[in-house]
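As numbered in this note's numbering, residues 1039 to 1353 make up the sequence shown, in order.
Heads up, the thing below is written out as structure tokens.
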Amino acid sequence: MPEPSAHAAPDEYLKRAQLLVVFATHNGAGWIGRTLEGYAGQRAAVPWALVVIDNASTDETAAILARYRDRLPLIALSEPRPGKNVALNTALAAIRDVACDFVFTDDDAVPEPDFVAQWADTLARRSDYGLFGGPVMPTFDGIDDTVARRYGLFHAEIYALNDRPEGAIEPRHIFGPNMAVAGALIRAGYRFDENIGPSSADSSYPMGSETEFCVRVAERSGAGAWFATGPRVRHIVRSNQATERFVLQRAFRHGRGFAQMQVGGADGAWARTKSAVRLKLLQIAGLTGSTHARWNAAWLKGYRAGRHRKAPGRP
């Protein structure tokens, strides 16, 4: 894609784009620069644009985004209501008529230089699928990862680790820092569930928003899910995210989100995942290792909290 011009309007980016990369950010000034640098260095042959939604930030996020307007095909939006999915739905409402595909990621997921090119190639080759996941590799640069290593079995839940072979997958194996959705599904009206976090308004938010979206969309639309090994991101792990307190908070949120998907959530999810709940209970009863016991106890506490909350229908 040609170098973005300082005079180019966001509407021009939308008209030309074959691919939109979308993420929301809340108070991401400490790391979003690394992510934006990753997009500034993209080697992409197709027209693309980056949509960033500032979600109620109170730090320097807006100023940092402004500094990249001349270096990126950037469309900066704002959503003052807290909640990542609220912000994503705001963006989708604003750009609903564009004829392109969508990549969703996070403000702390740094793309490899060929990230956009790899997604464009995958979406062109696998047009028989509608939902896509890609590799997410946590990076612990410069921080003490002692606690994180002890909980290595749960890095998928804690840090969205996702590394599997190329091929068809279950929709629940698609994680938020690196996922793509065929544009036809977005134009059909599928949106993210705003009752699932992250949200700055709820520190114990139920997590799993992308999983809920993918499972629901697959069930209702019949779209298949595919894992592409080409487009890769490095997920920045910050020092506060390598503590036991953070890990157990993630366990609670994961359990709460898992339960919420059963209470008026994704079609058929409870019947399909009943065995997984039983497995968790068996793990709690049978594993004596302290990390396993602590993780599963926190997960079960979140699960019970989520089961007591009635959730409205999903869009």
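Glycine is no exception: its CB is placed at the ideal position from the N, C-alpha and C atoms.
Quiz prompt | Residue environment, Thr1184, which counts as buried when at least 16 other CB atoms sit within 10 Å | solution = exposed
Quiz item: Do you know whose CA, among Pro1120, Arg1272, Ile1133 and Gly1079, lies nearest Leu1110's CA?
Solution: If you compare the alpha carbons of Pro1120, Arg1272, Ile1133 and Gly1079 with that of Leu1110, the shortest gap goes to Gly1079.
Quiz prompt | Backbone CA spacing between Gly1354 and Gly1235 [nearest angstrom] | solution = Past the edges of the chain, shown from 1039 to 1353, lies residue 1354, and the structure says nothing about it.
Quiz item: Any idea if Ala1137 is buried or exposed, counting beta-carbon neighbours within 10 angstroms, 16 or more meaning buried?
Solution: exposed
Quiz item: What's the call for Asp1182, buried or exposed, on a 16-neighbour Cβ count within 10 Å?
Solution: exposed
Quiz item: What's the call for Pro1149, buried or exposed, on a 16-neighbour Cβ count within 10 Å?
Solution: buried
Quiz prompt | Nearest to Tyr1051 (by Cα), restricted to the options Pro1085, Asn1123, Ala1062 and Ala1280 | solution = Pro1085
Quiz prompt | Straight-line gap, Gly1340 to Leu1058 (C-alpha atoms, nearest Å) | solution = 34 Å
Quiz item: What is the residue span of the alpha helix (DSSP H) that Ile1102 lies within?
Solution: Thr1099 to Arg1105
Quiz item: With respect to the beta strand (DSSP E) encompassing Asp1108, which residues constitute its N-terminal and C-terminal limits?
Solution: No beta strand (DSSP E) contains Asp1108, which DSSP labels as neither H nor E.
Quiz item: Do the CB positions of Asn1216 and Val1271 come within less than 7 Å of each other?
Solution: The answer is yes: Cβ separation under 7 Å.
Practice problem: State the Cα-Cα distance for the pair Ala1297 and Gly1344, rounded to the nearest angstrom. | Solution: 5 Å
Quiz item: Using a Cβ-Cβ cut-off of 6 Å (strictly less than) and excluding sequence neighbours within five positions of Lys1122, which residues of its own chain qualify?
Solution: A distance below 6 Å between beta-carbons, with the five flanking residues on each side excluded, links Lys1122 to the following residues of its chain, in chain order: Ala1062 and Pro1236.
Practice problem: Please check if any C-beta of chain D sits within less than 7 Å of the C-beta of Arg1164. | Solution: Of the protein chains in the structure, only one exists, and it is not chain D.
Practice problem: Report yes if the CB atom of Val1060 is closer than 7 Å to the CB atom of Ala1129, and no otherwise. | Solution: yes
Self-check item: Candidates Ile1212, Gly1205 and Pro1048, of which the one nearest Asp1166 by Cα
Solution: Gly1205
Quiz prompt | Straight-line gap, Ser1242 to Ala1194 (C-alpha atoms, nearest Å) | solution = 18 Å
Self-check item: Of the listed residues Ile1212, Arg1188 and Asn1093, nearest to Pro1120 (C-alpha basis)
Solution: Asn1093
Exercise. List the DSSP bridge partners of Pro1176.
Key: His1273
Quiz item: Who are the near neighbours of Phe1178 in its chain, counting only those whose CB is closer than 8 Å to its CB and skipping five residues on each side?
Solution: Ala1186, Val1275 and Ala1280
Exercise. Quick one: grab the DSSP three-state call for Ser1242.
Key: coil
Self-check item: Residue from Met1299, Ala1083 and Leu1126 whose Cα sits closest to the Cα of Gln1037
Solution: Because the chain spans 1039 through 1353 in this model, residue 1037 falls outside it and cannot be assessed.
Practice problem: Starting from Glu1117, follow the beta strand (DSSP E) in both directions and report where the run begins and ends. | Solution: Start and end: Leu1112 to Glu1117.
Quiz item: Does DSSP classify Leu1199 as helix, strand or coil?
Solution: coil
Self-check item: Alpha-carbon spacing of Asp1049 relative to Ala1131, whole angstroms
Solution: 14 Å
Quiz item: CA-CA distance, Gly1214 and Arg1291?
Solution: 15 Å
Quiz item: Taking C-beta to C-beta, are Ala1336 and Ala1289 nearer than 7 Å?
Solution: yes
Exercise. State the Cα-Cα distance for the pair Ala1067 and Thr1160, rounded to the nearest angstrom.
Key: Their backbone Cα atoms lie some 31 Å apart in a straight line.
Exercise. Measuring alpha carbon to alpha carbon, tell me which of Phe1230, Leu1169, Ala1114 and Thr1329 ends up nearest Leu1074.
Key: Ala1114
Quiz item: Leu1169 bridges to which residues according to DSSP?
Solution: Note: Leu1169 sits in a beta bridge opposite Val1219 and Ala1263.
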